[in-house]
Every structure is written in structure tokens, then in C-alpha cells.
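J.: To start, I am sharing the structure in question, which I have written as C-alpha cells.
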Amino acid sequence: MMINFKKIQVLVLFAFISYSYAQQFVRPDNSRINYTGRVDVTADSTMFYWPGTTAGITFKGSGVSVKMKSFKEKAFFYAIIDKDDKKPFKFETDNTLRTINIARDLGPGIHTLEIYKLSNSTSVNVFYGFELYGQTKLLKNTDNRTRKIEFYGNSITAGHGVDVPEGGRDSGMPEDFNNYYTYAALTARHYNAKPFIIARSGIGITVSWFPEIMPETYDRTAPLDPLSKWDFTKYTPDIVVINLFQNDSWIVNRPEHEQFKRRFGTEKPSEAFIIQSYADFVRSVRSKYPSASIICALGNMDATRSGSEWPGYIQKAVDQLNDKKIYTLVFPYKERGNHPNRKEQEAMSKQLIEFIDRNIKW
């Protein structure tokens, strides 16, 4: 019988190539995936809601992809390989399920990958898992962060407008959000701390541009689901930063606005009501974290402009609480319209870091 060695060689080569590019699927509930942020994890999918939410893995091999989709609106993510964020891979998700190729030809050795949500909490993102190419092997997670810092905020903390081009319109489009370069994320990375960022553009304490306010939202996993209660025992921060009241400062002067009418009726809220509402919210946060240091911040938009009464409201609320581990911090008004850009977010982070270094041991 004649043996066709050429055919055998082709088959062997085909088998080798097929093996090299075979895919191993890493399900979203795999214990070696490291999540940051409030997420809903099941065997089939993990739901991302808040900006700054991440999924990370450590692996040995050459390639990896991610399966995701989003609904309510499109969302943007960074894929950061080996903690090199100088040139992150930015990708978009929408309501079509896609497999996004992150890397195919990495050098030999051990690598890390972090998927980071840049967008506002108005998008809901479904993460279905990672696909590893060829002989790539999932390794034990290497996250060694022990410090924890949590942020409650509005558009400034979410990253609204961070990526608006110079001279561009501050439209609030998803592609212009970039939570990675907010003061919150920058500060967390400075301390190698694990951040949880609970922020939504437009939200306030007494009133928002939409029906939900932060005191009704802060304890949820999913921002719009009142039954989605977060288990606060899963994450206990050393420091909590609250940066709210910017939206309140506008809407309380707009009696024609639907949410003004819904929250206040026909009369502008009193100073006493505003102060008490802030104190009540901080008291709620304190009840969840009895030992945390809490920084009650405001700025850097026009709620801290010269002559604004809003920093004083916060100071009076904190004085009322009489808690030595609750502090106030004012980010000066940036003296221009629009939301803070990267440079202005960096200035906020620098000020916050200096404040923490002076006042808090952690």
C-alpha cells in the first residue's frame, strides 16, 4: 500500500495549527477572575453597572478575547495588558453580542489583563467571559491590593466629558466619558487601592435631573433596580469620598423642572432641609462603615465658585455629625464651563492625595 507522506504532513500541520488556536472558555464565575466594583455574577454572565467596574485575569500564553454586550446605551471599555496603560486598547460594546479580540501574539511568559468600564452607569453591560487562545493557561489571580477606597459622586466622579476634544462640545455622549482618568481612579491607583465607584452623571442628594437620588441609590447593586440591594459585607473601604451637591445647586433654582416639582412641590427647599438631607446621607454611609474615614468633598464645578453657599452647607452638616473621622474638602472652581478634563481631574486627584496624606493614616 502506498503511504501518502505529503498528505500526512499536511494533516499533522493542520492539527498543530488547530491546537495552537483552539479556544478555552473562562466562565464569568471562575474564581480566578478578579472583579472590582459592584457586580452581579452568575455562571452564565456578570452584569456591570457602575463606572470603573473591572474584570481582571492573570494568564500564561499568547492571546485572549472577551465576550460582551451592552444595553440601554453603548458603552466603552479599556483593555489594559500587563498594567501598561500608556496605550490601552479602547473598545465599544452595544446590544449585539461580540467576541472582542484583545491580543493574539503576546510574548512568552505571564501576562495580566484588565477590562475597565469607562462609561456612565446609564449603560448595563453583560460580560460572558474570556476566551484563551491556543495553549494559554489561566493562572491564580495576582491582585495584591489591600487598601480600599469608595467614591459616591455625580458626573465629575463618573468621568463625564473627560475625553471631550479640545474645543469640543460637552455633549455627554458615551464616547466622551472616561472614568479611568477621573480624580477617583487616579487617586486609587496612586495608593494601589481597590476602588468602588458609585457614580452617575446628573445625580444629587435632594434632587437629580431624573427621578433617582443618591440616598435611594447608594445601597443598590443595579442603580435602577430598588430590589437589587448591595451586600455591604463584601467590601469595606478604609476611606469613603462623597462628592455630591453640584446637581442640587442647579435644580433647587429651577421650580419649573419636573424633578423640582416632584421633590419639593412649589417651594424651594430651605437651608435647614438641605443641610439635614446631607447629614442624613452621610449618617447612612457611616452606618455601613463604622470605622471608615469619610471625606465630604465638593467641586470642582460651579457649586464651589466664589460666594457659593454649598460648601458651607456641607460644613454645617459635618459639624452636626460631630464625628472626628468625617472631614470636609473643597475642590476650587475650575473657572470655566463644561465638565473637568483630564488635566483638571489630575489637579483634583493631587489635592485629594495631599489631603489624605495630611489627615488620614491608613
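The sequence shown lines up with residues -22 to -1, 1 to 340 when you count with mature numbering (1 follows the signal peptide of the UniProt record, and there is no 0).
Ideal placement from N, C-alpha and C gives every residue a C-beta, glycine not left out.
Since Q1 is in the beta strand (DSSP E), which residue starts that stretch and which ends it?
T.: Counting from one through the sequence shown, the residue named residue 1 turns up at place 23. Q1 -> beta strand (DSSP E) spans Q1 to V4.
J.: Can you give me the start and stop residues for the beta strand (DSSP E) that M46 sits inside?
T.: Numbered from 1 along the sequence shown, position 68 holds the residue referred to as residue 46. That run of the beta strand (DSSP E) goes V42 to F49.
J.: How big is the Cα-Cα spacing for P201 and N98?
T.: Sequence index remark: in the sequence shown, residue 201 carries index 223 (1-based). Sequence index remark: in the sequence shown, residue 98 carries index 120 (1-based). Going from the Cα of P201 to the Cα of N98 covers about 11 Å.
J.: Taking 8 Å as the cut-off, decide whether the C-beta atoms of N157 and G30 are in contact.
T.: Indexing the sequence shown from 1 puts residue 157 at position 179. Indexing the sequence shown from 1 puts residue 30 at position 52. Yes.
J.: May I ask you to report which of helix, strand or coil DSSP gives S262?
T.: Along the sequence shown, read from residue 1 onward, the residue named residue 262 stands at position 284. S262 falls in the helix class under three-state DSSP.
J.: Where in the region 150 to 181 do unbroken runs of the beta strand (DSSP E), each at least 3 residues long, occur, reported from the N-terminal end onward?
T.: For the region 150 to 181, whole beta strand (DSSP E) runs of length 3 or above, ordered along the chain, are 172 to 177.
J.: Which value, in whole angstroms, describes the spacing of the CA atoms of F259 and I272?
T.: Position 281 of the sequence shown holds residue 259. Position 294 of the sequence shown holds residue 272. One C-alpha to the other measures close to 12 Å.
J.: Should L330 be labelled buried (16 or more other beta-carbon atoms within 10 Å of its own) or exposed?
T.: Counting from one through the sequence shown, the residue named residue 330 turns up at place 352. So L330 ends up on the buried side.
J.: Whose C-beta lies closer than 7 Å to the C-beta of K115 among residues of the same chain, with five residues either side of it excluded?
T.: The residue given as residue 115 occupies position 137 in the sequence shown. Excluding sequence neighbours, K115 sits near F37, K38 and G39.
J.: Quick one: measure Cβ to Cβ for I134 and M279, integer angstroms, because I've assumed they're closer than 8 Å.
T.: Within the sequence shown, residue 134 is the residue found at index 156, counting from 1. Within the sequence shown, residue 279 is the residue found at index 301, counting from 1. Going by Cβ atoms, the distance from I134 to M279 rounds to 7 Å, so yes, they are a contact pair.
J.: Helix or strand or just coil, what does DSSP make of R336?
T.: Within the sequence shown, residue 336 is the residue found at index 358, counting from 1. It is helical.
J.: Within 10 angstroms of the Cβ of Q113, are there 16 or more other Cβ atoms? Answer buried if so, exposed if not.
T.: Translated into the one-based positions of the sequence shown, residue 113 becomes position 135. Exposed: under 16 other Cβ atoms inside 10 Å.
J.: Taking a contact to mean a Cβ-Cβ separation below 8 Å, would you say W187 touches D197 in this structure?
T.: Within the sequence shown, numbered from 1, the residue matching residue 187 stands at position 209. Within the sequence shown, numbered from 1, the residue matching residue 197 stands at position 219. No, Cβ-Cβ distance for W187 and D197 is not below 8 Å.
J.: Identify every run of the alpha helix (DSSP H) within the region 207 to 284, keeping only runs that are complete inside it and at least 4 residues long; order them along the chain.
T.: You should have 224 to 229, 236 to 242 and 249 to 266.
J.: Could you check which residue in N225, T244 and S227 has the C-alpha nearest to that of E234?
T.: For the purposes of this step, residue 234 is taken as residue 256 along the sequence shown, with counting starting at 1. Taking only the C-alpha atoms, the option nearest E234 is T244.
J.: Between G285 and chain C, is any beta-carbon pair separated by less than 8 Å?
T.: Note that chain C does not occur in the displayed structure, where there is just one protein chain.
J.: Would you say G34 and D148 are within 8 Å of each other, going by their C-beta atoms?
T.: Numbered from 1 along the sequence shown, position 56 holds the residue referred to as residue 34. Numbered from 1 along the sequence shown, position 170 holds the residue referred to as residue 148. Cβ distance not < 8 Å, so G34 and D148 don't count as in contact.
J.: If you count every other CB in all the chains shown that lies within 10 Å of the CB of R82, and 16 or more means buried, which is it?
T.: On the sequence shown, position 104 is the one that residue 82 refers to. The residue in question, R82, is exposed, as its Cβ has fewer than 16 Cβ neighbours within 10 Å.
J.: Any chance you could list the beta strand (DSSP E) runs of at least 3 consecutive residues sitting entirely within the region 61 to 104, in chain order?
T.: 67 to 71, 76 to 81 and 88 to 95, all fully within the region 61 to 104.
J.: Compare the beta carbon distance of Y305 and T282 with 8 Å and say whether it is the shorter of the two.
T.: Along the sequence shown, one-based indexing puts residue 305 at 327. Along the sequence shown, one-based indexing puts residue 282 at 304. Not in contact: Y305 and T282 (Cβ atoms no closer than 8 Å).
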